[in-house]
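Numbering (the numbering used here), first residue to last: 1185 to 1281.
Beta carbons: idealized from backbone N, C-alpha and C, even for Gly.
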């Protein structure tokens, strides 16, 4: 779904538009389990525990587009020192390293 990439103000509107479209209505008649998924998503991710402000990435800082610490460091360049600092706690648990 593209909901995570929309501005927060449009998330609920787009959700309603998507799931009330003729295509989705036709699919839910053909596959009733889709209705259960839509209800689950709506109850948990649009109106429930996980509000859109938790999972929406529209205003996310895009300086670093990866969660791979080997690719990105503090100054956006490869730094062996930064990698050692990030993973030092793993090496402490390994005797002989």
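| field | C-beta neighbour in chain D for residue 1208, strict 8 Å | value | No chain D appears in this structure, which consists of one protein chain only.
| field | Cut-off 7 Å between Cβ atoms - residues of its own chain near residue 1227, not counting five sequence neighbours on either side | value | Mapped onto the chain shown, residue 1227 falls at position 43. Excluding positions up to five away in sequence, the list is empty.
| query | Buried or exposed: residue 1199, going by 16 or more other Cβ atoms within 10 Å of its Cβ? | reply | The count along the chain shown starts at 1 and reaches residue 1199 at position 15. Its Cβ being crowded by 16 or more others within 10 Å, residue 1199 is buried.
| How should residue 1233 be labelled, buried or exposed, when 16 other C-beta atoms within 10 angstroms of its C-beta is the threshold for buried? | Position 49 of the chain shown, counted from the start, is the residue given in the question as residue 1233. When all chains shown are included, residue 1233 counts as exposed.
| request: Would you please state the rounded distance, in angstroms, between the beta carbons of residue 1191 and residue 1224? I believe it to be under 8 Å. | output: Within the chain shown, numbered from 1, the residue matching residue 1191 stands at position 7. Within the chain shown, numbered from 1, the residue matching residue 1224 stands at position 40. About 24 Å; that fails the 8 Å criterion.
| field | Residue range of the alpha helix (DSSP H) that includes residue 1227 | value | Taking the chain shown and counting its residues from 1, one reaches residue 1227 at position 43. Careful: residue 1227 lies outside any alpha helix (DSSP H) and carries neither H nor E.
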